[in-house]
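S.K.:
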Amino acid sequence: MCLRVLHSEVMRSDFSLIISNRTVCQLLLAGQQMILLLALLHSLCALNILYVMVSLLMIGIAAWGKWFGLVSSFQVVGGIIGVGVFLFFVALAGLIGAMKHHQVLLFFYMIILFMVFIVQFSVSSACLAVNREQQDHLLEVGWNNSESTQRDVEKSLNCCGFKHVDPNSMCDAACFPNSFCSPCADQIKEHAGDILRFVGGIGLFFSFTEILGVWLTYCYRNQKDPRANPSAFL
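Position one of the sequence shown corresponds to residue 1 (the UniProt record's numbering), numbered consecutively onward.
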């Protein structure tokens with residue numbers, strides 16, 4: 001009889017030890033999940049705050065250039081402001097989705113960010129891959145399609161015309177018509193290659209941050225919140 005009682009007490013102690021070990025393992029696992037969740041949350045918030053700052057900078061620079069007359073083309077200013085506003089709302093959606101761990105918002109944010117990555121990566125790669133002949137053709141097409149851009153370039157570079165100077169045409173450069181003005185093509189071509197490489201490099205950098213944002217969003221979206229029901233995805 002005593003042996004049976006002793007055996008039952010040993011079994012109870014072993015069972016309670018197993019339960020306590022399992023509880024400790026669950027607590028450790030929950031702690032690890034919480035650390036990973038917070039790390040992903042902070043990374044997503046930091047990335048989207050960077051996008052918000054970049055979008056506000058784009059809007060501010062475009063408005064400043066238009067206000068002080070540095071850029072007279074409404075299409076250029078409107079395009080930059082439009083891209084800035086779009087980036088601002090995308091980053092805002094990412095911030096709200098990350099803070100609330102909102103599945104639907106994070107899903108659409110991830111899809112939009114991936115589409116932006118494809119477009120930006122393609123454009124950046126094209127900027128870096130343009131050769132001299134393609135560059136000259138694009139410059140001439142852009143020059144002929146926008147009179148406001150012509151005036152801005154002539155005023156800033158103090159030149160007239162693209163490949164030749166027409167004395168009967170209108171030119172906003174300070175050198176016209178009292179002194180000799182050089183065509184703008186040579187001056188534009190001097191800086192066009194550097195500008196394309198700069199734009200392509202910046203675009204590639206931000207495209208890689210965007211694919212990083214897609215990966216972080218995917219990982220964060222599929223994480224369980226240890227503070228909630230462990231069997232449910234939020």
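By construction, the Cβ of each residue, glycine as well, lies at the ideal position given by its N, Cα and C atoms.
Give me, in chain order, the residues of the same chain whose beta-carbon lies closer than 8 angstroms to that of residue 142; leave out the 5 immediate sequence neighbours on both sides.
M.R.: 149
S.K.: Going by CA-CA distance only, name the one from 140, 80, 214, 37 that's closest to residue 63.
M.R.: 80
S.K.: In chain order, what residues of the same chain have a beta carbon less than 6 angstroms from the beta carbon of residue 199, not counting five sequence neighbours either side?
M.R.: Same-chain partners within the cutoff: 127.
S.K.: Can you name the start and end residues of the alpha helix (DSSP H) that residue 279 belongs to?
M.R.: The structure shown does not extend to residue 279, since the chain is modelled only from 1 through 234, so no value can be given for it.
S.K.: Suppose you measure from the CA of residue 215 to the CA of residue 137; what does that come to, to the nearest Å?
M.R.: Distance between the alpha carbons of residue 215 and residue 137 is about 38 angstroms.
S.K.: Quick check on residue 193: does DSSP put it in helix, strand or coil?
M.R.: helix
S.K.: Contact between the segment 86 to 95 and the segment 184 to 197: three or more CB pairs below 8 angstroms?
M.R.: no
S.K.: For the segment 114 to 123 against the segment 51 to 65, are there 3 or more C-beta pairs whose distance is under 8 angstroms?
M.R.: No: fewer than three Cβ pairs fall under 8 angstroms.
S.K.: To the nearest angstrom, how far is it from the Cα of residue 107 to the Cα of residue 78?
M.R.: 29 angstroms
S.K.: Contact defined as beta carbons within less than 8 angstroms: I believe residue 44 pairs with residue 98. What is the distance between those atoms, to the nearest angstrom?
M.R.: The beta carbons of residue 44 and residue 98 sit about 4 angstroms from each other, so the pair counts as a contact at 8 angstroms.
S.K.: Can you name, in chain order, every residue of its own chain whose Cβ lies under 6 angstroms from the Cβ of residue 55, other than the five neighbours on each side?
M.R.: 84, 87, 88
S.K.: So, with DSSP's three-state summary, where would you put residue 93?
M.R.: Of the three classes helix, strand and coil, the one that applies to residue 93 here is helix, per DSSP.
S.K.: So the alpha helix (DSSP H) residue 152 belongs to, where does it begin and stop?
M.R.: 147 to 157
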